[in-house]
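Protein chains in written order, with this note's numbering: chain A, 1 to 572; chain B, 1 to 220.
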Amino acid sequence: MLDIFAPYKWEALFERWPDILAAFGTTVGISALALVIALALGIVFGVLSVSRIAPLRWVTRVYVEVVQNVPLLLQVFVFYAIFPLLGFSLAAFWIGVLAIGIYHGGYISEVVRSGIGSIHRGQFEAAKSQGFSYWQSMFVIILPQAIRIIMPPLAVQAANLVKNTSVLALIAGGELMYFSNSFAGATSYYGPVYVVAALLYFVICFPLSRLALYLERRTRSHRHLATGDATEALAEDALEVTPGTHDITGRAAADALAGGVGTMFETVDIAPARQAPSPRHPLHVLGDEADGPAERGPMEQAFTGRVAAEIADEIGREIAQEIAEECGDDEACAARVMRTKAGRVKAHRRLERRAVARRGVESTVAGKAEAGAAAPASPDAVAEGVRDLGARRSPEADEALASRAETATSDRITRDVRKRVDGAAGALEADAQRAPAEAAGAEDMPAASRRRSDEHDEAELGAEAFLDNDYVSGELDAPAERAAHVRAPHDEADFDAESEDAAARHDRRERRSGDEEARESSGPETVVPEDVDMEALAGMAARAADDAAARMERLRREGLEGLGKDKRGEGK
Amino acid sequence: MSDIAALFTWVNIRFLLQGLGMTLLISALAILCSVVLGTVISVMRTSNSRVLRGVATVYVEMFKNTPLLLWIMFTFFVAQLPPIGAAVLAFTLFTSASVAEIVRGGLASVPFGQYEAAKSQGFSTMQTYLLIILPQALRNMVPALLSQFVTTIKDTSYLWGAMALQELMGRGMILMNSYNSTVQIFAIFGIMALIYFVVCFTLSQIVRAYQRRLKEARTA
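Below, the structure is given as structure tokens:
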């Protein structure tokens, strides 16, 4: 084994070093030129593969499938053996450039296609709403964004391309592999030359695959851009700002409108504090472990799509105003100024300034949002929310605000219900106080009960007023129950304790058990004198709890919508 | 036209199909060996030992960043193995580097709780991998492995040029030498390309269908 690598064999090899270098140079040259062709073909066919014109898509499909499912060597042989028969011959170098370029063009086209596919369709719509043509939006808006996603697999393709140039050795391509073979064949010193060739290939390919890895990691920190469902969800979330409604201009539109995903995560990334992600947030599905620790995960962003778009809007107005000031009605001037002012970098700079300024007014926004979200929330809760969340604005902050509003609302409703139950208890109490006197004349119960029921209803009305709800009277219209109230003499203190108990109980009660009790209390067999007041109370409490829950849900919904509306309203 | 008809004799067809058989045999052997070797390497890459990790990383980087043809030449000329052995070895070495990455992805797709659960049930590391993790990982790896199979089938076409092994490409070339009209050479070439295409395209369609099913299963 060792004599394969005997020193004299190395010597013989290194005597040929100019040839090694020349062959290496040929490999590099073929690779570079083939890469240019592959990129050109890949971009053209990649763009065509998402074309709206079906025949164009078919053409790219056929190209990609043929190129990917037939061995490269066979394709090289088409140029090497078949074309000369048609009177069309090329030097091995150019065969390499063309064949390998076309081969990898097919692969790159697929890469480009999936890159374009990963940009949300909303971007197209946004571009269209801003008056971009299909090709303008493709080359000015979509492709520049897709490039970041395309880059990692592209670097892998480049490395593969370099490796695949070795196939030319089989057609006397004059590149590194061919030199190795011919040297090995001529001298039968196989060992050293293959080691050197391996090293030289490694020198080109290793940096490329490292680059791919690096780019991939970087992209992964913006990984939502590249991954299916989560991307979809995020884009949808961001798209709550409908593209057509924004008066922003040019590239700023591309960068920030309709999700502004790129802007969001590249420019407006402010607060790096990684809070517990809200489970409501669509990106929550990604989780932390999805890819190991990302350098900057999507959850760390302070601005949601909506806010990003809002900022973009402001910038749009700003630009529009500046244009108006500078040019007045001069259309040509406006177009020129717009081009200079709406560049990507400039838009980003504006966004950044805005983002910084934004932090200053954060608390105001939060306060407004809170007010819009939860009208019933107490000022304390708002103040607290603002204090706590003033410094940040993020999905988590939104969530926290919403839940704060919710808590405040639920507290209020709890108080409400308590009052209502107290009121009802008071009414029953009044009945109960009169009851002993009436108890003797049980035979004229109907009259007595009618009288009492009038009074009772009055008392009930008091309770009802809290609730603008009519079930209480409905509940107590049942004659048996009315009678029961009359017939149930209760110790006052006892009653108080019980009603308080009920009021406290309804707070704790779960909806289901509340329903159960409500069902129980409405059944006729429950008209047992000693228990009936309790039952009625329990039923009321249960209903009150149900009602409160429903109301809370409604308020919560309204509150959340209010939050959204408020922000949207500001955006316009 | 009669030139072309003259090609389609049973002898010629069988000759080519035997070549296809050789292509598939070598590819299948190479993939099977690669899965075993690739699994070992990817498990080494997740190992706690720095040495094992280092060895595995160097292995993967070495084979990922050098051309396959070089390893074919190397195994054939330097290791002086018989053609089929050299071919399978070269493909195994080269492909196992890619398969190691695929296996790594597959292993990563199995939730960590599965390891913990296995451990809590008293499985040894070996048992955990063989009985719990790999069967689950394999399901997610199938599409990528099939794609790798397609790549390997295409790459076996180097073997004729490198070591005169009579796989499909080689058989086609031999056939081409025994006919001399341009049309016949075109036809033979076309048939060769068609066979490769049909085999590889079918496999890639299977990959796609399988991926769709996996995706549906995941969303359902």
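The C-beta atom is built at its ideal place from N, Cα and C for all residues, glycine as well.
Test item: CB-CB of residue i and residue j under 8 Å
| i | j | result |
| --- | --- | --- |
| A/Q145 | A/Y107 | no |
| A/Y178 | A/A186 | no |
| B/V103 | B/S42 | yes |
| A/F45 | A/S109 | yes |
| A/G96 | A/I30 | yes |
| B/T23 | B/I153 | yes |
| A/G174 | A/F83 | no |
| B/I4 | B/L145 | no |
| B/S204 | B/V150 | yes |
| B/G19 | B/G122 | no |
| B/V60 | B/A97 | yes |
| A/A23 | A/L176 | yes |
| B/F76 | A/Y194 | no |
| B/G106 | B/L138 | yes |
| A/A99 | A/Q136 | no |
| A/L56 | A/L161 | no |
| B/L52 | B/L175 | no |
Host alpha helix (DSSP H) of residue i (start-end)
| i | result |
| --- | --- |
| A/R121 | R121 to S129 |
| B/T46 | B/T46 -> no alpha helix (DSSP H), and no H or E assigned at all. |
| A/L85 | Looking at the DSSP string, A/L85 is not in any alpha helix (DSSP H), and its letter there is neither H nor E. |
| B/Y179 | No alpha helix (DSSP H) holds B/Y179; DSSP gives it neither H nor E. |
| A/P71 | Unbroken run through A/P71: none, as it is neither H nor E. |
| A/R52 | Note, A/R52: premise wrong, no alpha helix (DSSP H); not H, not E. |
| A/Y107 | A92 to S118 |
| B/I72 | L68 to M73 |
| A/V140 | No alpha helix (DSSP H) holds A/V140; DSSP gives it neither H nor E. |
| B/V83 | Residue 83 of chain B is actually Pro in this sequence, not Val. Its alpha helix (DSSP H) spans residues P83 to A108. |
| B/Q114 | F112 to S120 |
| B/T152 | L134 to D155 |
| A/F179 | L176 to T187 |
| B/G161 | Y158 to M163 |
| A/A12 | P7 to E15 |
| B/I4 | S2 to L7 |
Nearest residue (CA-CA) to residue i, options the options
| i | options | result |
| --- | --- | --- |
| B/T95 | B/P67, B/I132, B/A6 and B/P135 | B/P67 |
| B/V78 | A/Q75, A/P192, A/L41 and A/F124 | A/P192 |
| A/T165 | A/M151, A/I102 and A/R217 | A/I102 |
| A/P152 | A/L200, A/L208 and A/S188 | A/L208 |
| B/L93 | B/K64, B/T128 and B/M126 | B/K64 |
| A/F77 | B/G172, B/Q127, B/I132 and B/L69 | B/G172 |
| A/V196 | B/S34, B/M62 and B/L29 | B/M62 |
| A/L199 | A/F139, A/K163, A/A212 and A/E326 | A/K163 |
| B/A118 | B/F189, B/L130 and B/S109 | B/L130 |
| A/I142 | A/Q123, A/R113, A/S133 and A/I149 | A/Q123 |
| A/A159 | A/V111, A/I119 and A/R210 | A/R210 |
| B/Q148 | B/Q80, B/E216 and B/I206 | B/I206 |
| A/F79 | B/I191, B/C200 and B/F186 | B/F186 |
| A/R217 | A/A91, A/R148, A/Y189 and A/G87 | A/R148 |
Status (buried if at least 16 other CB within 10 Å, exposed otherwise) for residue i
| i | result |
| --- | --- |
| B/P111 | exposed |
| A/E11 | exposed |
| B/T202 | exposed |
| B/W71 | buried |
| B/I13 | exposed |
| B/R212 | exposed |
| B/F219 | Checking the displayed sequence, the identity of residue 219 of chain B turns out to be Thr instead of Phe. The residue in question, B/T219, is exposed, as its Cβ has fewer than 16 Cβ neighbours within 10 Å. |
| A/C205 | buried |
| A/D330 | exposed |
| A/I20 | buried |
| A/T27 | buried |
| A/W17 | exposed |
| B/A209 | exposed |
| A/N181 | buried |
| A/D3 | exposed |
| A/A550 | exposed |
| A/A155 | buried |
| B/W160 | buried |
| A/E460 | Bear in mind that a pLDDT of 45 at A/E460, under 50, signals an unreliable position, so the number given afterwards is only what the model happens to contain. With 16 or more Cβ atoms within 10 Å of its Cβ, A/E460 is classed as buried. |
| B/S34 | buried |
Query raised in the report: Do three or more CB pairs link the region 77-88 of chain B to the region 149-168 of chain B at distances below 8 Å?
Result: yes
Query raised in the report: Any contact of the region 67-82 of chain A with the region 186-204 of chain B, i.e. 3+ C-beta pairs under 8 Å?
Result: yes
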